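*Asks:* Okay, handing you the structure first.
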Amino acid sequence: MDSENSRYLKREGGGHIFICGPGDPEGFLFRGELNVDGTRTGDQIEIIQKMIHYGGNSLYLQAVRSHGGDGSPDHNPFVNHDPEQGLNKAVLDQWESWLSLMDDHGILIYFFLY
């Protein structure tokens, strides 16, 4: 936050920032065909590359859109989509690859767990 004007965000030791990202990304983590191991074959990398190319610098994500959310029953990172079975490592690894790519390019990640 800018100490002289609380309406603005400012990088520590730097200038003001402007956050700009695509709308309607709630289903970003769940785009594409569901694979047997729970991962997705979707266009997430292409979307991230577009953001990098055109200057998008933020994205908000929802980790769980099932179980009370507005997603389908397989929109979560659990083994067999069942919270009682714990988290699916393959899904988390895939997410980590996308999140790391965004982080490496300065894209702000606003991550909702539930």
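Numbered continuously in our numbering, the sequence shown closes out at residue 308. Positions of the beta carbon are idealized from the N, C-alpha and C atoms, including for glycine. Fair warning: this is a prediction, and the values are worked out from it, not measured in the lab.
1) How should Pro-271 be labelled, buried or exposed, when 16 other C-beta atoms within 10 angstroms of its C-beta is the threshold for buried?
2) Give me the Cα-Cα distance between Lys-244 and Asp-237, rounded to the nearest whole angstrom.
3) Skipping 5 residues on each side, what residues in its chain have a beta carbon closer than 6 Å to that of Phe-224?
4) According to the Cβ coordinates, are Leu-253 and Met-296 closer than 8 Å?
5) Using the rule of at least 16 other Cβ atoms within 10 Å of the residue's Cβ for burial, across every protein chain shown, is Phe-222 buried or exposed?
6) Write down every uninterrupted run of the alpha helix (DSSP H) in the stretch 210–240 whose length is 4 residues or greater and which is fully enclosed by it, in chain order.
7) Only counting the same chain, and skipping five residues up and downstream in sequence, which positions put a Cβ closer than 8 Å to that of Ile-213?
8) By the three-class DSSP mapping on this structure, what secondary structure does Tyr-304 have?
9) Can you name, in chain order, every residue of its own chain whose Cβ lies under 7 Å from the Cβ of Gln-198, other than the five neighbours on each side?
10) In its own chain, which residues sit with a C-beta less than 6 Å from the C-beta of Arg-234, not counting the 5 before and 5 after it?
11) Taking a contact to mean a Cβ-Cβ separation below 8 Å, would you say Val-285 touches Gln-279 in this structure?
*Replies:* Put simply:
1) For the purposes of this step, residue 271 is taken as residue 77 along the sequence shown, with counting starting at 1. That one is buried.
2) Here residue 244 is taken as the residue at index 50 of the sequence shown, counted from 1. Here residue 237 is taken as the residue at index 43 of the sequence shown, counted from 1. Taking the straight line from one Cα to the other gives about 11 Å.
3) Here residue 224 refers to the residue found at position 30 when the sequence shown is read from its first residue. Taking Phe-224 as the centre and dropping the five residues before and after it, the same chain places the C-beta of His-269 closer than 6 Å to its C-beta, in chain order.
4) As a first step, residue 253 is located in the sequence shown; it is residue number 59 there, counting from the start. As a first step, residue 296 is located in the sequence shown; it is residue number 102 there, counting from the start. Yes.
5) As a first step, residue 222 is located in the sequence shown; it is residue number 28 there, counting from the start. The residue is buried, with at least 16 neighbouring Cβ atoms inside 10 Å.
6) Whole alpha helix (DSSP H) segments, 4+ residues: zero.
7) Indexing the sequence shown from 1 puts residue 213 at position 19. If you ignore the 5 residues before and after Ile-213, its C-beta comes within less than 8 Å of the C-beta of Leu-203, Asn-251, Ser-252 and Leu-302, all in its own chain and listed in chain order.
8) If you number the sequence shown from 1, residue 304 lands on position 110. Strand at Tyr-304.
9) Start at 1 with the first residue of the sequence shown, and residue 198 comes out as number 4. It is Glu, not Gln, that sits at residue 198 in the sequence shown. Within the same chain, Glu-198 has no close Cβ partners at all.
10) What you label residue 234 is simply residue 40 of the sequence shown in a count that begins at 1. Sequence-distant partners of Arg-234 (beyond 5 residues in either direction) whose C-beta falls short of 6 Å from its own C-beta, in its chain, are Gly-226.
11) In the sequence shown, residue 285 corresponds to position 91, counting from 1. In the sequence shown, residue 279 corresponds to position 85, counting from 1. Going by C-beta atoms, Val-285 is not nearer than 8 Å to Gln-279.
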